[in-house]
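Okay, structure first, notes after.
Numbering (the numbering used here), first residue to last: 696 to 860.
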C-alpha cells in the first residue's frame, strides 16, 4: 500500500533490489552513522557490494535532483521535514508513537503552506497526501500501522527518505 505512494523512481529502485539487498539496506539504515563515518566499513562495503552501492548512489542522485527541482516553498518544507525525521530518528527506530507525533507535526506544517506548494508536493510525492491529512491517517493508516508487519513496511518507507537525506 505505502510503497505504491512513493515516487516512481523509488518504487523502481525498491522493486529491483534483491531480498539480500533489502536486508542489507535495513541493516545499513539501522546503523547509519557507522556506515557513513567508518572509512574501513565503507571500503569493505564498496568492494563486497559494488552493485548495491551503485544502485544507492544512482537513486540518491535521482532523488536529490527531484527535490532540487521543486519550487522554493515546497523544497524548503521537504528539507525541513527530513531534518525533523532525522532528529526524531524515525529511519532508525520508527516507534509507533514517534510516527504518530511526526504525522501531527507534518500535517500542521503542511497546512501552513500555500495551496500551490501543497499541490506540488502531493503531485510529486503522493505519500504526502496521507501524512498531511491527520484525519485520514487516524482513520486508516493508524489501524494499519498497529500490525507489526505493516509498521516494518512503513519504517522501510521512512528509511528510503532517511537514506536520501
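Note that the Cβ used here is the ideal one computed from N, Cα and C, for glycine as well.
Sequence-distant residues of its chain with Cβ nearer than 7 angstroms to residue i (five each side left out)
i	result
residue 768	808, 809 and 812
residue 702	761, 819 and 820
residue 741	748
Beta-carbon spacing of residue i, residue j below 9 angstroms
i	j	result
residue 773	residue 762	yes
residue 712	residue 765	no
residue 710	residue 744	no
residue 793	residue 783	yes
Member of the options whose CA lies at the smallest distance from the CA of residue i
i	options	result
residue 708	790, 750 and 825	750
residue 759	838, 825, 822 and 704	704
residue 714	741, 747 and 738	747
Bounding residues of the alpha helix (DSSP H) (the contiguous stretch that carries residue i)
i	result
residue 769	767 to 783
Nonlocal neighbours in the same chain, by C-beta distance under 6 angstroms from residue i, ignoring five residues either side
i	result
residue 754	708
residue 823	816 and 817
Neighbour flag for residue i against chain D, beta carbons, 9 angstroms
i	result
residue 790	The question asks about chain D, but that chain is absent: this structure has only one protein chain.
Contacting residues, own chain, Cβ-Cβ under 8 angstroms from residue i (five flanking each side not counted)
i	result
residue 841	791
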